[in-house]
Amino acid sequence: SSNNLRSAILEFAAAISINLAVVNSLPLPALDGGQLVFVLAEAVVGRKIDQRVMEQINAVALFLLLFLSVSTALGDVGGVLAGL
């Protein structure tokens with residue numbers, strides 16, 4: 001019925017939201033968890049990390065995340081096309 005559909009949609013939205021929060025908090029430099037790692041590293045070292053170093057680390061991490069995403073998508077598409 002309508003209530004079951006509404007409940008299913010809300011549960012799905014909650015699962016997506018929780019999943020996004022978990023993935024975003026991973027300690028990868030391009031994500032929020034990575035920024036937390038930089039803040040903790042600054043606290044441990046006792047001085048600010050050079051902005052240029054942070055930018056380079058973020059650039060490499062972002063490239064790796066994009067490469068992983070593209071390669072996964074291409075693998076999925078290749079698998080679908082191979083099944084046709």
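When we follow our numbering, the leftmost residue of the sequence shown carries the number 1, and every step to the right adds one.
Note that CB positions come from ideal geometry on N, CA and C, so glycine has one too.
Keep in mind that this is a model prediction, so the values were computed, not measured.
Between the options, which has its C-alpha nearest residue i's C-alpha?
i: I57; options: A14, N19 and L31; result: L31
What are the boundary residues of the alpha helix (DSSP H) that residue i is part of?
i: I18; result: S2 to N24
i: R52; result: Q51 to A82
i: L40; result: D32 to V45
Measure the alpha-carbon distance for residue i versus residue j and round it to whole angstroms.
i: I49; j: N4; result: 51 angstroms
i: S1; j: S7; result: 10 angstroms
i: F12; j: L20; result: 12 angstroms
i: I18; j: L40; result: 24 angstroms
i: G79; j: L36; result: 37 angstroms
i: A14; j: S69; result: 23 angstroms
i: V22; j: G46; result: 28 angstroms
i: A82; j: F63; result: 28 angstroms
i: G75; j: N24; result: 23 angstroms
With a threshold of 7 angstroms on Cβ separation, who are the neighbours of residue i within its own chain once the five nearest residues in sequence on each side are excluded?
i: L26; result: G33
i: E42; result: K48 and I49
i: A59; result: none
Any heavy atom of the ligand ZN closer than 7 angstroms to the beta-carbon of residue i?
i: V45; result: The model on display carries no ligand, and the ligand ZN is accordingly not part of it.
Who are the Cβ neighbours of residue i in its own chain at under 6 angstroms, not counting the five residues just before and after it?
i: L28; result: G34 and A61
i: L65; result: A30
Rounded to the nearest angstrom, how far is the Cβ of residue i from that of residue j, given a contact under 8 angstroms?
i: F38; j: M54; result: 6 angstroms
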